[in-house]
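With positions in the sequence shown counted from 1, the corresponding number in the working numbering is that position plus 4. Worksheet for the structure shown next.
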Amino acid sequence: MGLLAAFVLTPRIMAADSEPLYGFSPGGSEAQRKLEASFRALPEPDHLRQYMQRLSARPHHVGSAYDKENAEWILAQMKAWGWQASIESFEVLFPTPKTRVLEMTEPVRFTALLQEAVLPADPTSGQVSEQLPTYNAYSTDGDVTAPLVYVNYGLPDDYKELDRLGVWVKGAIVLAKYGKSWRGIKPKVGAEHGVIGCILYSDPKDDGYSTDDVFPDGPMRNTNGVQRGSVMDFPSTSPGDPLTPGYGAVAGAKRIPLKEAAGITKIPVLPISSGEAQILLAQLKGPVAPEAWRGTLPITYHLGPGPAKVHLKLEFNWDLKPLYNVIARIPGGSAGNQWVIRGNHHDGWVNGAADPISGQVCLLEEARALGHLAQQGWKPRRTIIYCAWDGEEPCLLGSTEWVETHAEELRQHAVAYVNTDGNGRGYLGMSGSHILEHLVNAVGHDIEDPEVKMSVWKRCQASKIAGATNAAERRDIRAHPDLPLSAPGSGSDYTSFVDFLGVPSLDLGFGGESSDAGVYHSIYDDFFWYSHFGDTSFVYGRALAQTVGTTVLRLAEAEVVPFEFNDLADVVHQYAEDLQGLLKHKQEEIEERNRQFEEGVFEATSDPQHPKGPPEAEATPPELNFAPLQNAAKALAASAKGYQKALAKAQPRLSDPTQTAAVEELNQMLLQAERSLTDPSGLPRRPWFKHLLYAPGVYSGYGAKTMPGVREGIEFGRYDEAEKEIVRVAKALDGETALLNSAAKILDGLNP
Ligand SMILES: [Zn+2]
């Protein structure tokens with residue numbers, strides 16, 4: 005807030021009502037504005053609060069009684085609001101713990117409690133019999149005893165540093181902090197280095213008392229709080245049920261044997277609280293941890309190994325559990341075979357008020373409002389499908405199994421997918437496919453921030469200007485009419501839509517002024533927490549329902565599917581430049597390092613009493629031929645401009661009844677625009693991921709890698725592969741260019 009006050013805020017500027025909406029004829033646009041205004045008047049904060057109280061009243065993880073009750077309750081609401089709704093079930097592998105033992109055997113004995121504390125102030129924290137214990141889903145069974153090593157965040161660079169410091173991890177159990185990557189990356193990287201067990205904890209520096217007061221006095225993690233969560237290595241395999249990779253886990257589906265299931269960790273993994281981590285860390289000796297590695301527990305952080313020795317024993321029930329996805333439809337009219345899909349999960353790790361219910365309640369309120377409009381006689385042009393997913397927390401199970409089951413239909417019919425997964429106070433966060441960038445920016449101009457009373461777009465732009473680190477970045481933000489979408493990484497239910505099918509997807513939510521990081525995946529993420537520290541008046545919930553609902557309505561009603569390609573061309577150009585920069589940076593870095601080898605810098609600066617070895621020597625990366633990518637990016641930019649021009653010219657005739665067939669042909673073509681950016685054979689070594697522009701990183705997980713085949717080829721030194729991937733991306737872009745040229749031709753034909 006402090007930063008924002010320094011700005012002179014210009015009054016809210018909206019597109020003049022006379023200017024037609026993108027993808028609409030002037031008449032269609034006028035009707036659409038009226039429809040959207042009546043929609044946006046309907047969502048009520050009080051309803052959001054009531055839904056949250058109901059849905060987060062008891063623990064509702066996969067396989068629990070209340071998970072099923074919630075699905076049935078959501079179904080009943082949808083039906084009462086006039087939707088055609090049903091529950092679609094799957095049977096998935098979801099392990100739950102049978103045995104959890106963590107003890108220190110040397111130099112002092114200690115047995116970890118592995119239990120979050122019941123807090124009298126927090127009425128649902130005492131529902132112990134229904135709570136899932138603290139654990140990491142898809143950890144393998146194991147019984148190991150070994151010296152302990154502290155490995156910072158447990159990422160590849162951390163192990164390189166340990167190696168230089170002479171700290172041996174082979175055969176050790178490691179203690180790693182949560183954060184900086186998908187949590188499943190930590191045991192994966194550990195196992196690659198010969199580690200035999202992995203313990204994860206949340207350091208107070210990241211989400212505890214160093215950041216704000218702790219729960220229940222404040223929002224942050226107290227020293228009892230534990231983050232549950234999945235550790236499946238899905239970024240290098242696939243999300244969803246590990247026994248049915250690539251196809252739906254319907255009843256009776258053929259399942260692969262458990263021992264063949266990729267993605268389950270190679271070593272046992274268990275999360276603990278910072279309170280219990282401190283007891284273990286205090287018994288480590290060996291080198292003092294590098295400054296950047298130290299947290300804020302009141303101890304000196306040593307690396308080990310030992311003398312702390314720990315015993316970790318984990319056993320799980322490896323049985324199938326039912327999933328209950330609620331799927332609800334409002335059938336479309338003249339373009340009913342085109343589907344606009346919107347989803348948020350309903351399962352939580354425990355009571356899950358912030359994650360996921362704060363997003364689920366928005367979905368419900370949108371559904372109530374859309375149902376109300378339908379009952380008054382409105383029928384959307386396209387079919388609208390609302391999905392309350394189950395099993396997102398274990399590994400995007402409900403959405404992935406649904407997408408895999410309906411893959412063929414979705415490839416033909418899906419227009420776009422709009423996701424949310426929780427909500428807070430602050431700025432509109434937007435990530436997703438860049439052909440939707442213009443659409444969601446345009447919607448952002450029409451939604452008012454409930455506290456600051458300007459458009460959520462303007463506020464978002466202000467926050468980006470305030471957060472920019474240099475003049476060039478600020479110039480970019482001010483000059484570009486659309487604020488950039490972050491590339492879709494992973495961590496929520498849009499993953500299978502965009503990565504497996506190539507359905508353009510968005511992920512939206514407000515945040516930045518409240519954060520659930522301190523209770524994330526703990527028993528304290530509940531109604532008490534949300535109504536004290538989240539979006540307590542639910543006005544940002546209403547704003548999210550308005551934002552998403554308006555986006556859905558525009559996708560469902562536009563005469564021409566509102567995909568925009570200049571934004572895509574811009575970002576493709578940017579990614580191509582980034583990759584060249586990445587290669588150059590790597591070349592310079594390795595050349596410099598090799599020079600320092602020759603100069604003897606590493607020997608000279610190693611403290612003889614605390615020696616540090618040299619880094620690994622590496623050959624300088626070769627030059628790569630980026631020309632195919634540059635040429636393809638240029639051609640795409642030209643075609644995007646051409647398409648835009650043709651669309652603007654044809655706009656008055658989009659609703660002309662004599663042109664219906666041509667407009668329909670155009671829309672069918674546009675439906676394949678994002679599919680064109682995929683390759684059925686998938687990315688190298690992970691064929692499930694088919695999008696050539698976006699994927700979660702193999703060693704980051706949540707974070708997106710853009711043009712992932714090329715980027716990871718450069719990052720991991722597979723330069724031949726990177727060069728082949730450049731050609732493959734270029735070919736996909738050429739396909740997109742051809743599609744746009746054909747689309748422009750159809751539009752030109754509309755003009756007399
Ligand atoms: Zn979630």
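Note that the Cβ used here is the ideal one computed from N, Cα and C, for glycine as well. If you're wondering where the values come from, they're calculated on a predicted model, not measured in any experiment.
Which term fits residue i, buried or exposed, when burial requires 16 or more other beta carbons within 10 angstroms of its beta carbon?
i	result
Glu602	exposed
Asp161	exposed
Ala642	exposed
Phe11	At Phe11, the pLDDT of 36 sits below 50, so the modelled position is not reliable and the matter cannot be decided from this model.
Ala654	buried
Asn355	buried
Ser490	exposed
Leu583	buried
Pro661	exposed
Ser526	buried
Ser685	exposed
Asn156	buried
Arg62	buried
Ser214	exposed
Please name the residue or residues paired with residue i in a DSSP beta bridge.
i	result
Leu179	Tyr154 and Ile203
Met224	Val218
Ser435	Ser490 and Asp511
Gln88	Arg333
Gly516	Gly430
Val292	His306
Tyr534	The partner list for Tyr534 (beta bridge, DSSP) is empty, contrary to what the question assumes.
Glu452	Ser459
Ser234	Ala141
Ala699	Lys709
Trp343	Thr387 and Ala418
Tyr328	Ser93
Lys313	Glu110 and Pro151
Trp393	His349
Less than 8 Å between the CB of residue i and some heavy atom of ligand 1, yes or no?
i	result
Gly545	no
Ser496	yes
Gly705	no
His349	yes
Asp359	yes
Asp425	yes
Glu397	yes
Whose C-alpha, out of the options, is nearest the C-alpha of residue i?
i	options	result
Gly721	Leu586, Pro619, Ala650 and Thr741	Leu586
Ala286	Ser338, Pro302 and Gln672	Pro302
Gly86	Leu697, Pro249, Gly356 and Ile388	Ile388
Pro488	Ala636, Ser277, Cys464 and Ala195	Cys464
Leu159	Asp145, Lys184, Val171 and Trp172	Lys184
Ala708	Gln282, Gly495 and Glu40	Gly495
His51	Tyr544, Leu327 and Pro656	Tyr544
Gln663	Lys638, Asp752 and Arg599	Asp752
Leu572	Asn156, Lys270 and Leu443	Leu443
Ala371	Trp186, Pro618, Val552 and Lys313	Val552
Glu595	Pro335, Pro626 and Asn427	Pro626
Pro311	Arg599, Val235, Tyr154 and Gly337	Tyr154
Gly252	Val96, Ala639, Gln231 and Ala116	Val96
Val273	Pro191, Pro656, Glu369 and Pro24	Pro191
Lys83	Gly27, Leu374, Phe504 and Asp167	Leu374
Arg232	Tyr182, His197 and Arg715	Tyr182
Give a yes or no on whether 9 Å exceeds the smallest Cβ distance from residue i to chain C.
i	result
Ser133	Going by chain labels, chain C is absent from the structure shown, which holds only one protein chain.
Do the stretch 606 to 626 and the stretch 677 to 692 make contact, defined as three or more Cβ pairs closer than 8 Å? no
Count the C-beta pairs between the stretch 557 to 567 and the stretch 263 to 276 that are closer than 8 Å, then say yes if the count reaches three, no if not. no
Between the stretch 194 to 206 and the stretch 714 to 733, can you find at least three pairs of beta-carbon atoms closer than 8 Å? Taking one beta carbon from each stretch, the stretch 714 to 733 and the stretch 194 to 206 have fewer than 3 pairs nearer than 8 Å; the two do not touch.
Answer yes if the stretch 448 to 455 comes into contact with the stretch 373 to 389, meaning at least three C-beta pairs across the two stretches below 8 Å, and no otherwise. no
Check whether the stretch 245 to 258 and the stretch 269 to 282 touch, using three or more Cβ-Cβ pairs below 8 Å as the test. In short, these stretches do not touch, since the Cβ pair count stays below three.
I'd like to know if the stretch 289 to 302 and the stretch 317 to 324 are in contact, where contact means that at least 3 CB-CB pairs between them fall below 8 Å. Between the stretch 289 to 302 and the stretch 317 to 324 there are fewer than three C-beta pairs closer than 8 Å, too few to call the two in contact.
Measuring CB atoms only, is the stretch 130 to 141 touching the stretch 87 to 95, in the sense that at least three cross pairs come out at less than 8 Å? no
Could you tell me whether the stretch 212 to 226 touches the stretch 737 to 744, where touching means 3 or more Cβ pairs closer than 8 Å? no
Given 8 Å as the limit, is there contact between the stretch 390 to 407 and the stretch 327 to 335, that is, 3 or more CB pairs closer than that? yes
Say whether the stretch 520 to 536 touches the stretch 50 to 69, bearing in mind that this needs 3 or more beta-carbon pairs closer than 8 Å, one atom from each stretch. yes
Does the count of Cβ pairs from the stretch 238 to 256 and the stretch 404 to 416 closer than 8 Å reach three? yes
Per the contact definition of three or more C-beta pairs closer than 8 Å, is the stretch 504 to 520 in contact with the stretch 693 to 708? Contact between the stretch 693 to 708 and the stretch 504 to 520 is present, because at least three Cβ pairs lie under 8 Å.
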